[in-house]
Amino acid sequence: MLWYLFGRASDFSLVQKQNLTIDAADILFVRSIRLKTSEEQGLSLFPDLDFVTCPVHAIALALITQAATCVDLLDNLPALPV
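For the sequence shown, counting from 1, position 7 maps to 201 in my numbering; every step adds exactly one.
Spelled out as structure tokens, the structure:
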């Protein structure tokens, strides 16, 4: 999703609180503006009863396990292409 929105690897630091909405049915909706084309994009995340396949849990775990806000979600990958 982030590769598509930003055209490169990035993190959620550009997503602001006013761009996040939680529906009455517990559906998370993220609105963002793509940097390269300035078009607005939306993403609906439906929670799943199984935590392994729930996209909300996957995003939360990816953000929690980050050592610090950085470009890479996995800090064992090289910063420069080999």
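Ideal Cβ placement from N, Cα and C applies to all residues, glycine included.
So residue i packs on residue j, CB below 8 Å; how close in whole Å?
{"i": "L239", "j": "L222", "result": "4 Å"}
Please report the straight-line C-alpha distance between residue i and residue j, rounded to a whole angstrom.
{"i": "H251", "j": "L237", "result": "15 Å"}
{"i": "D217", "j": "R225", "result": "13 Å"}
{"i": "A284", "j": "I253", "result": "Nothing can be reported for residue 284, as the shown portion of the chain is limited to 195 through 276."}
{"i": "A256", "j": "P249", "result": "11 Å"}
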